[in-house]
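With positions in the first sequence counted from 1, the corresponding number in this note's numbering is that position plus 902. Think of the CB as a built atom: it goes at the ideal place given N, C-alpha and C, for glycine as much as any other residue. Notes follow once the structure below has been shown.
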Amino acid sequence: MALEKHYDAKAVEDKWQKHWIEAGVYNFKNDASKKPYAIDTPPPYASAGHLHVGHGLHYTQIDIVARYKRLKGFDVYFPPCFDNNGLPTEKYVEEKYNISKATTSRKEFRELCLKESREVEKAYADRVFKTLGHSYDWNLLYTTIDPEAQKVAQASFIDLYNKGLIYRAKEPVLWCTYHQTALAQAELETKERNTTLYYIPFKVEGEELLIATTRPEFLPACVAVFVHPEDDRYKHLIGKKAVVPLFNYEVPIMSDELVDKDFGTGVVMVCTFGDKTDVLWWKKHNLELKVILNKDGTLNENAGFLKGLTIKEAKKQIVEKLDEKGLIKDQETIQQSVSTCWRCGTPIEFIVTEQWFVKVLDFKQELISQGGKITWVPKHFFDRYKNWVQGLQWDWCISRQRFYGVPIPVWYCKKCGKPFLPSIEELPVDPMAQKPSKPCSCGSTEFVPDEDVFDTWMTSSLTPQIACKWLENPDLYKKLYPMQLRPQSHDIIRTWAFYTIAKSFLHFKSIPWETIAIGTYVLDEKGRGMHKSKGNVVWVDDLLKKYSVDNFRYWVGTANWGEDLPFKEADLIAGKRFLTKLWNAARFVSLILQDYKPSQSHEQSVTEVMDKWLLAKLSILEKEASKFMDAFKFGEALKRVENFFWHDFCDNYLEIVKDRLYNPEKRGLKAKLSAQITLYKSLYSLMRMLAPILPHITEEIYDSIFKQFENIESIHLTSWPETGFEDEESFNIGEKFVEVLTIVRREKNKQRKSLKAKAKLWLSKDLLNILKPALQDLKAVTNSEIFETEALETEAGAGKGEEGLDVRIELLE
RNA sequence: GGGCCUGUGGUCUAGUGGCUAUGACGCUACCCUUACGAGGUAGAGGUCCCCGGUUCAAAUCCGGGCAGGCCCACCA
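Structure follows, in structure tokens:
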């Protein structure tokens, strides 16, 4: 069937996207004869602001891998998924409905979250996943709030608890006063800011001891003053008492090596808790605990006249008061880096609460060596992982004081206080809504539920278990785990990658996947990150109004994994041209193949040397491209295929065979058939190599030309081409042929003659001998008479010297 | 302060020891060749960030800088 003159991308793409899903083309076959290729798809946050070009790019990169592996004969397991756990969803719901968890019931709140999640998921699925032609198996869809996912997360907790890898402790924890929950180290983001350093005098036996602090509001929480043990200025004060100004109580003066003599005055006040060092010293020196901060970031009665104020207000008031009394001796502006909550940017505080922790500090070495067993793409991201693990300072705090999320499956016995955990068969449970199924070991049946939910990563770290159905289908899980690929972005190596590796190790002493590949990170034109607040976000929907999906995917195909890529709309132009060229070349072939009937004897029917050349070159290309695809270097593969297609196939080969095809009476039907077979084989091969990147146009071309002969329902279910045509001699002749062709074209261009004009082509004896088998094609494509000349004859204006060939052209006017 | 990445024509980019440095976009000239003018052919345009070293030979390896980016870190 001949192709239409014009390629209607929109209609074609819509048609195939619908068909693929309806026909289940990409469904996991669970075919015992095939090796599985399981992909641990990143569950996108189902929030409406997440549809920018970076996501479109990354998910399309993953799809290209899936499609490639499918062609390579793997049984690809590619689940779509959504993450609807966690703080962003809560925050979104709070803002949209103008409610807060303080005034809404847990049940109602969770229902709203769930409802919003479903809506946003649908939009996400339709707008991104389906319209970009991704090849998920929609039967495998999961979301992180599904009962099954909750069950897996709770089962993980129970298993780790039973293994002694989880503990509960009352400790100062990282706390976000906006979200009012504990956080993990991984949820911190460092922010640079300017702040004021105040110099405040403490009284010591009549003397004034000047301390420098950025947090004067913490004066009422001061429990000690520290100096460096070797600091001659203050040595004599160690062991004495200092009086806290305004609040007039005594604190001990102590020493610690960690004090920086050169910062401020070299004297530090320790408060519970102003920062991380305070926590450290508080523990190390067994200091008193003086809590002034509530969970919502306001100060309590211990803060005296600051009671009820927020941290910011308190700071302002206390500075005014100190100033009034002449207690600010000096102040300066300094640059400070503060840890903030990565979701909302609020500086974190330390609050003493009871929380659950997963032990990770004890396993740093093991976790690094587990990371080393995984293939990192690109490999330097392993260094970043290693760096993070080495720098860990806290065990992983997994409990969060939020509503929406997976409940921690624990009750506490009212009588003996012992935690009571359900059995795995009972999961998922909600301790707030249910009671334990049996009494405590002490006999009591009175319990208090744990009201907290898990850190979102507690669930996300189990995506291999959720995706591969750890509890639901153990046989399948056994087959698929460890998975083959985890694609993800580099900013969550410390969270998603780390926690997943940790979980796999703690539960199973296994790695979660064979390969982790870090996707391309899209920047704006000027090389800055895309953020809604900066107004520089490019939306996928907008691009798709102007460019076809395959056009977008071509651009994705040129991106390198693990690298940053500034988005420039001009980069889509090259793809547009390529697609047009592709369609037109295929259209030409479709016209040529209208009377074509393939048969078994085809291998022998490729009789012409230039046909053999093309197939030999194609065979090399197939192996090369495959090698690059295996190494996640899609751009390199694409570039080589494109180069072959454009120059060897279109510019040269198609021109060479036109004479044979259009004028079969001149060269005979055998020569024509040879060209038809070659066109069929080479175009079919090219389509399959391009199919992972350009699934729509290749499917359309396949459907029109090849399907009737191949009898496979979709190009995406065929296999990576292996033409395997080896013919070094023809290859070399063809390469020489192309060199001569280039010289002829250049000469004709110089002489400003149309290619239509008949030329005399003079070839040296040696060259003529080499090209003898291809002479008829050469005559036809150059529209020349060919003559022989002496090898070393030189003439001005001739092609002598070019590429070491001796070609002379004489045009007949 | 520590770790990692990057630096190649106007822009983006390939190349990790070897002839005259790859390609794309843009630019210029010519060509309306029956698949394609969203095309074809040719052309202009580069101190391969800088300095030093290793080598017969360096964009490439080593050392030291400079610039940009990312990650980490207890200067209150």
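Straight-line gap, residue i to residue j (C-alpha atoms, nearest Å)
| i | j | result |
| --- | --- | --- |
| PHE1627 | LYS1017 | 58 Å |
| PRO1154 | LEU1076 | 26 Å |
| ALA934 | PRO1389 | 25 Å |
| GLY1035 | TYR1063 | 43 Å |
| VAL1161 | LEU1182 | 12 Å |
| LEU1563 | PHE1608 | 19 Å |
| LEU953 | ASP1028 | 11 Å |
| TRP1278 | LYS937 | 21 Å |
| PHE1149 | HIS1138 | 24 Å |
| ASN1486 | CYS1243 | 54 Å |
| CYS1246 | HIS1433 | 14 Å |
| LYS1519 | LEU1540 | 16 Å |
| SER1037 | HIS1282 | 29 Å |
| PRO1131 | THR1115 | 20 Å |
| MET1385 | ILE1140 | 59 Å |
| ASN1096 | GLN1238 | 6 Å |
| PHE1284 | GLY1168 | 39 Å |
| GLU992 | CYS1015 | 6 Å |
| LYS1340 | SER1019 | 35 Å |
| TYR1080 | GLU1222 | 26 Å |
| LYS1525 | HIS1618 | 19 Å |
| GLU1695 | GLU1631 | Caution is warranted here: a pLDDT of 47 is assigned to GLU1695, below 50, making its placement in the model unreliable, and the coordinate value is therefore given only provisionally. Each residue's alpha carbon lies about 27 Å from the other. |
| ARG1286 | ILE1395 | 8 Å |
| VAL955 | GLY1066 | 44 Å |
| GLN1233 | LYS1217 | 14 Å |
| GLY1274 | LYS1638 | 48 Å |
| TYR1101 | PHE984 | 51 Å |
Continuous beta strand (DSSP E) stretch holding residue i: start and end
| i | result |
| --- | --- |
| PHE1259 | 1251 to 1260 |
| MET1385 | 1385 to 1390 |
| THR1248 | First-last for THR1248: undefined, no H or E at that position. |
| TYR1555 | Per DSSP, TYR1555 belongs to no beta strand (DSSP E) and is neither H nor E. |
| ILE1418 | 1415 to 1420 |
| VAL1153 | 1152 to 1157 |
| PRO1468 | 1466 to 1468 |
| ILE1113 | 1109 to 1115 |
| LEU1425 | 1423 to 1425 |
| MET903 | Counting along the chain, MET903 falls outside any beta strand (DSSP E), and DSSP gives it neither H nor E. |
Counterpart residues of residue i in DSSP-defined beta bridges
| i | result |
| --- | --- |
| PRO1074 | VAL1254 |
| PRO1500 | PRO1500 pairs with nothing; no bridge assigned. |
| VAL955 | Paired residue(s): none; VAL955 is not in a bridge. |
| PRO1675 | The partner list for PRO1675 (beta bridge, DSSP) is empty, contrary to what the question assumes. |
| ILE1270 | According to DSSP, which records beta bridges pairwise, ILE1270 is partnered with nothing at all. |
| SER1301 | PHE1356 |
| ARG1666 | It is worth fixing the name first, because residue 1666 is Ser in this sequence and not Arg. The partner list for SER1666 (beta bridge, DSSP) reads THR1691. |
| VAL1440 | DSSP output for VAL1440 lists no bridge partner at all. |
| GLU1712 | LYS1662 |
Three-state secondary structure (DSSP) of residue i
| i | result |
| --- | --- |
| THR1347 | coil |
| ARG1430 | coil |
| TYR1100 | strand |
| LYS1529 | helix |
| ILE941 | strand |
| THR1045 | strand |
| MET1512 | helix |
| PRO1309 | strand |
| ILE1194 | coil |
| PHE1207 | helix |
| ASP985 | strand |
Extent of the continuous alpha helix (DSSP H) run through residue i
| i | result |
| --- | --- |
| CYS1015 | 1008 to 1026 |
| THR1402 | 1400 to 1410 |
| THR1620 | Note, THR1620: premise wrong, no alpha helix (DSSP H); not H, not E. |
| PHE1536 | 1536 to 1545 |
| VAL914 | 911 to 925 |
Expected contact under 8 Å - CB spacing of residue i and residue j to nearest Å
| i | j | result |
| --- | --- | --- |
| SER1450 | LYS912 | 7 Å |
| VAL1508 | SER1576 | 5 Å |
| TRP1258 | SER1301 | 4 Å |
| ALA1488 | LEU1585 | 6 Å |
| PHE1252 | PRO1074 | 4 Å |
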